Amino acid sequence: MEFKELHYKYTQSTERCVREVISPLPFYSQEARTQEIRKFNSDNLWTFVGDTDRCNLVAIDNGEVAGFLFGVVDANVLFVIWIGVKDKYKRSGHMETLWHMMEYWCRQNNIHKVWCDTNQLNIPAMTFMEKMGMTKCGDLKNFWYGHDYFLWEKPVYGKPDGELQ
2 MEFKELHYKY TQSTERCVRE VISPLPFYSQ EARTQEIRKF NSDNLWTFVG DTDRCNLVAI
62 DNGEVAGFLF GVVDANVLFV IWIGVKDKYK RSGHMETLWH MMEYWCRQNN IHKVWCDTNQ
122 LNIPAMTFME KMGMTKCGDL KNFWYGHDYF LWEKPVYGKP DGELQ
């Protein structure tokens, strides 16, 4: 498994991975799934590559994207938009690796805080956020697509040596 920043050559594979991760989510309405998948089609992913206001990471297995993490920066805060891995890679540590790479990216880019949200019915995502050291800091009622969410945050400190792959 390789972990890298999103590159043009992975946009179609990333689109397929996004579809595979988001399509079966039971706690999202059909509209939410459709809209979220549309946001990450190949044409949109092309605009993500090289955008310095975005953190876009992928896990690659045998040339195919197996997982992804997308985030956007505003005022030195990274908001993680999506993180996910295909079913066959769950419980493999790949989401944790993507998360740690994102934190490293944040330190390299002087980002001081990470925020994300989780659907309040998504117990696995909430468990993951707690495992990654995130703190619940808000309750977002009737937010995205009419669903309820929790807002999470975590400070990021320091600037390590080395470079992101």
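Residues in the sequence shown are numbered consecutively from 2, following this note's numbering. Cβ atoms here follow ideal geometry from the backbone N, Cα and C, with glycine treated the same way. Note that the structure is predicted; figures quoted are calculated from it, not measured.
For residue i, the first and last residue of its enclosing alpha helix (DSSP H)
i	result
W47	S43 to F49
K40	Q31 to K40
F129	I124 to K132
S24	Premise fails: S24 is in no alpha helix (DSSP H) and is neither H nor E.
8 Å contact criterion, which residue i and residue j should meet: CB distance rounded
i	j	result
H148	M2	So it is not a contact: roughly 31 Å between Cβ atoms.
V59	I112	That belief does not hold up - the Cβ atoms of V59 and I112 are roughly 19 Å apart, past 8 Å.
E65	K114	Between K114 and E65 the Cβ distance is about 33 Å, and since that is not below 8 Å, they are no contact.
L167	M103	Because the chain spans 2 through 166 in this model, residue 167 falls outside it and cannot be assessed.
F41	L7	10 Å between Cβ atoms; not a contact.
N120	Y29	7 Å
I61	Y11	7 Å
Y79	G68	Before going further, note that residue 79 is Leu rather than Tyr in the sequence given. Actually they do not touch by this definition, with Cβ atoms about 18 Å apart.
V81	C138	So it is not a contact: roughly 14 Å between Cβ atoms.
F4	T98	6 Å
Coarse secondary structure for residue i, derived from DSSP in three states
i	result
A150	Sequence inspection shows Tyr at residue 150; the Ala mentioned does not correspond to that position. DSSP places Y150 in strand when its eight states are reduced to three.
K10	helix
E3	strand
Residue span of the beta strand (DSSP E) that contains residue i, given as start and end
i	result
K137	T136 to L141
Chain B within 9 Å of residue i, Cβ atoms only
i	result
R92	No chain B is present in this structure, which holds just one protein chain.
Proximity test, residue i beta-carbon vs the ligand GTP heavy atom, cut-off 8 Å
i	result
K137	The ligand GTP is not part of this structure, which contains no ligands at all.
Within the stretch 50-120, ranges of the beta strand (DSSP E) (whole runs, at least 3 residues): 55-62, 65-75, 78-86 and 114-120
Three CB pairs or more closer than 8 Å across the stretch 83-91 and the stretch 20-27: Touching, yes, given that three or more Cβ pairs across the two stretches are closer than 8 Å.
Stretch-stretch touch, CB-based, cutoff 8 Å, three pairs: the stretch 89-109 with the stretch 23-43: no
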